[in-house]
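A.B. asks: Residue numbers (this note's numbering), protein chains in the order written: chain A, 4 to 325; chain B, 509 to 773.
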Amino acid sequence: MAEELKYVEKWNSKINELKLGAAKADGGTRGKVFKVGNQASLPYLFKEGDIPFAPIIAAEVYDVPEDDWPQALTEDLKDVFRHPLDWAVKMVEEAGADLVCLKLQGIHPDLGGKSAKDAQGLAVALLKKLNTPMVVLGCGQADTDNEVLPLVSEATKGERLLFGDVVQENYKTLTAACIADGHNIIAESPIDVNIAKQLNILVSDLGMPQDRIIINPTIGALGYGIEYAYSIMERARNAALSGDRMLAMPFICFAGQEAWSAKEARVIEAEAPQWGNARQRGIMWEVVTAMAMLHAGADILTMRHPEAIRIVKAAIADLMRH
Amino acid sequence: MYIIGELINGMYKNVARAIAERDKTFVQSLAQLQVEAGAAALDLSCGPLSRSPLDDMLWLIDVVQDSVQVSLSLDTTKLNIMEEGLKRLRKNGIINSTSADLERLEAYLPLANKYNASLIALTMDKKGVPQDKDRRLELAAFILDVAQRNGLSPSSIFLDPILMPINVAQNQLFGILEALRDFKLLSDPAPKTVVGLSNISQGAKDRRLINRTFLTMAQGFGLDSAILDPLDEALMESLIAGELILNKTIYCADFVAAYRKSKRI
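1) Taking all protein chains shown into account, do 16 or more other C-beta atoms lie within 10 angstroms of the C-beta of G750/B, making it buried, or fewer, making it exposed?
2) Taking the alpha helix (DSSP H) that L645/B falls in, what are its first and last residues?
3) When the distance is taken between beta carbons, is T757/B closer than 8 Å to D247/A?
4) Cα-Cα, which of I198/A, K106/A, M94/A is closest to D79/A?
5) Among G228/A, P220/A, I235/A, I188/A, which has the Cα closest to the Cα of Q213/A?
6) Anything in the stretch 200-219 of chain A with a Cβ closer than 9 Å to a Cβ of chain B? List those residues in chain order, please.
7) Starting from I37/A, follow the beta strand (DSSP E) in both directions and report where the run begins and ends.
8) Excluding five sequence neighbours on each side, which residues of the same chain lie with their C-beta closer than 6 Å to the C-beta of K117/A?
9) R240/A versus chain B: which residues are under 7 Å apart at the beta carbon?
10) What number of angstroms, rounded off, separates the C-alpha of M509/B from the C-alpha of N522/B?
11) Beta-carbon within less than 6 Å of D302/A's beta-carbon, same chain only, minus the 5 sequence neighbours each way: which residues are those?
12) Need the endpoints of the alpha helix (DSSP H) that F691/B sits in, please.
13) Does any C-beta atom of chain A lie closer than 8 Å to the C-beta of I665/B?
14) Taking the alpha helix (DSSP H) that D564/B falls in, what are its first and last residues?
15) Whose C-beta lies closer than 7 Å to the C-beta of L685/B among residues of the same chain, with five residues either side of it excluded?
16) Using beta-carbon positions only, say whether L225/A and I182/A come within less than 8 Å of one another.
17) Within the stretch 89-135 of chain A, note down every full alpha helix (DSSP H) run reaching 4 residues or more, in order along the chain.
18) Tell me whether the beta-carbon of S581/B lies closer than 8 Å to the beta-carbon of A549/B.
19) Using a C-beta to C-beta distance shorter than 7 Å, which residues of chain A count as neighbours of Y759/B?
20) Do you know how far the Cα of V535/B is from the Cα of G518/B?
21) Can you check DSSP and say which residues form a bridge with E326/A?
22) In three-state DSSP terms, what is Y47/A?
23) Taking DSSP as the reference, what is the three-state secondary structure of K521/B?
24) Within the stretch 706-761 of chain B, note down every full alpha helix (DSSP H) run reaching 4 residues or more, in order along the chain.
25) Of the residues that make up the stretch 231-260 of chain A, which ones have a beta carbon closer than 8 Å to any beta carbon in chain B?
26) Taking the alpha helix (DSSP H) that M323/A belongs to, which residues open and close that run?
27) If I follow the unbroken beta strand (DSSP E) through K27/A, where does it start and stop?
28) Could you spell out where the alpha helix (DSSP H) holding T533/B opens and where it closes?
29) Using DSSP with H/G/I as helix, E/B as strand and the rest coil, what is M306/A?
30) Ignore the nearest five residues each way along the sequence and tell me which others in R715/B's own chain have a CB closer than 8 Å to its CB.
31) Under 8 Å between C-beta atoms, does K13/A make it to chain B?
32) Report the neighbours of D762/B on chain A: residues whose CB is nearer than 7 Å to its CB, in chain order.
33) If you pair each beta-carbon of the stretch 231-249 of chain A with each one of the stretch 280-287 of chain A, do three or more pairs fall below 8 Å?
34) Determine the chain A residues that contact S770/B at a beta-carbon separation under 8 Å, and present them in chain order.
35) Between which two residues does the beta strand (DSSP E) containing N203/A stretch?
36) If we cut at 8 Å on Cβ distances, does A749/B have a partner in chain A?
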């Protein structure tokens, strides 16, 4: 492929390197840690500049089972769906995910109203069970997240996890907690490069080091605005590689969440026989969405289906071979 | 925009004093202030009053390099001082400057090659400063031709059309803007362009207003670099807004702060 690259661009800047997980020597307890970012090139153009780290996959694990997931997804997870610890182990050990992304859906007052103590307990238990760092997400309701996530951050202090998401309207509480406890943070913007840049300024103005911020650019699944997400990420990367430090953060893309919301991934075979096997269709929807995001520059993908994770993991290994 | 800070110049009385008294703190703080304000390089000049220009230049280089990590532009007309200075640099430097005269080009081009430096080339020769755009282009083409024959890439050349004071040559300024644009078409890769901004307002009132208005217009004509006073806040803010309008940086609500955090555009 490299032979086809007729015009080689040399950039004068790099993406920040984000360290995920702290080993004993760095004040944590993680046996395995990751680095992402630090590219001096657009994705996979190895001739243009260094691409030191492969993208990693975080498998989503929920504290309470999600009612809304289609059968194509739940069927393969049915043994572990109600047991977050087993679920996490399955995704890392069997599916080959690099780490897990713990979604604390159950703290939402309408979805279980689990206590902060439950959330802390689960996060700590997960860290005990796995030797990797993890991503920790709130339930999406600002007040609840502002109450619970700082406590989870404190309970996992020093492990250099990745917490999210902060948005332009609500970033101070969680950012302050993550600064104090030594974690990284996800800054989310609604497919809008201007807001992504602004939020990075706001978060770093609070005192968060720039190399502990990761951008969630918000993406659309295949068929639902994926091109738009791509163009926003491409624009941000071009700016970052040209020297714009306020966009030089790595990307996290929620490929699983978006793909499994698409109609094409959800409709059962009986309702659309012409679309073929629902399980295969759903998996491929997630795979294709994830692959497009890798080419747009994703550094961390969050995914859901074990089979999709296996396929994308193998594809990443292929892409990094050069 | 590649900003070369102009303030360390013995032409200014306080700098001349600092050089004469070897006041390291003064010079280093002037260097730091300019870099913090957005300068990607600093111009160093001992000024006309220096009694030992070689020692003064080497001293300036050493103290500035000890305090900031940017490229230095050596502003001297003496070839030996230029070479001794280039030897001393820890990062690739900028030679400021040569004219379009063959003997000067043939003296400075080998230095640029030898020390991996960029070269500021003024589009003027022994006959003086051109009165119109065509003559500027002619001299620019000559400079690029000699440079290429001496093995220096046009991308290492900063062509300077020589900005004339507004109260002396008002009728030339639009031609200078056009020259900035047309210089870029003379070679592939294109040369870079630079102006010594404060020239335009020599002897005029409201100097800062004139400076920043010209700079914004020159940005529109594709200017790559300017030697200017980065501590002029209004000037820097106009420049930052200009880069946004030209779509060279990505807009955000706090775009001035974003520029300052990135330290360059």
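Note that CB positions come from ideal geometry on N, CA and C, so glycine has one too.
Just so we're clear, the structure is a prediction, and the values are computed from it rather than from any experiment.
C.D. replies: Quick answer:
1) buried
2) Unbroken alpha helix (DSSP H) run through L645/B: 641-657.
3) A contact, by the Cβ cut-off of 8 Å.
4) M94/A
5) The shortest C-alpha separation from Q213/A is found at I188/A.
6) K200, Q201, L202, N203, I204, L205, S207, D208, Q213
7) According to the sequence as given, residue 37/A is Phe; it is not Ile. Unbroken beta strand (DSSP E) run through F37/A: 37-40.
8) G109, I110
9) Those do not exist, as R240/A stays about 11 Å from chain B at its closest Cβ, beyond 7 Å.
10) 28 Å
11) V39, G40, P58, P253, F254
12) Here the alpha helix (DSSP H) through F691/B covers 681-691.
13) no
14) Per DSSP, D564/B belongs to the alpha helix (DSSP H) from 561-573.
15) M725, A726, F729
16) no
17) 119-132
18) yes
19) Within chain A, the residues near Y759/B are N197.
20) One C-alpha to the other measures close to 11 Å.
21) Absent from the structure is residue 326/A, since the part of chain A shown begins at 4 and ends at 325.
22) Three-state result, Y47/A: coil.
23) helix
24) 715-728, 741-753
25) From the stretch 231-260 of chain A, only R238, A239, A242, G246, D247, R248, M249, L250 have a Cβ closer than 8 Å to chain B.
26) Counting along the chain, the alpha helix (DSSP H) containing M323/A begins and ends at 309-323.
27) Note, K27/A: premise wrong, no beta strand (DSSP E); not H, not E.
28) It spans 532-544 - the alpha helix (DSSP H) in which T533/B sits, taken as one unbroken run.
29) strand
30) Answer for R715/B: S706, S709, listed in chain order.
31) no
32) Q201, I204
33) no
34) G246, D247, R248, M249
35) Looking at the DSSP string, N203/A is not in any beta strand (DSSP E); the run it does join, the alpha helix (DSSP H), is 196-208.
36) no
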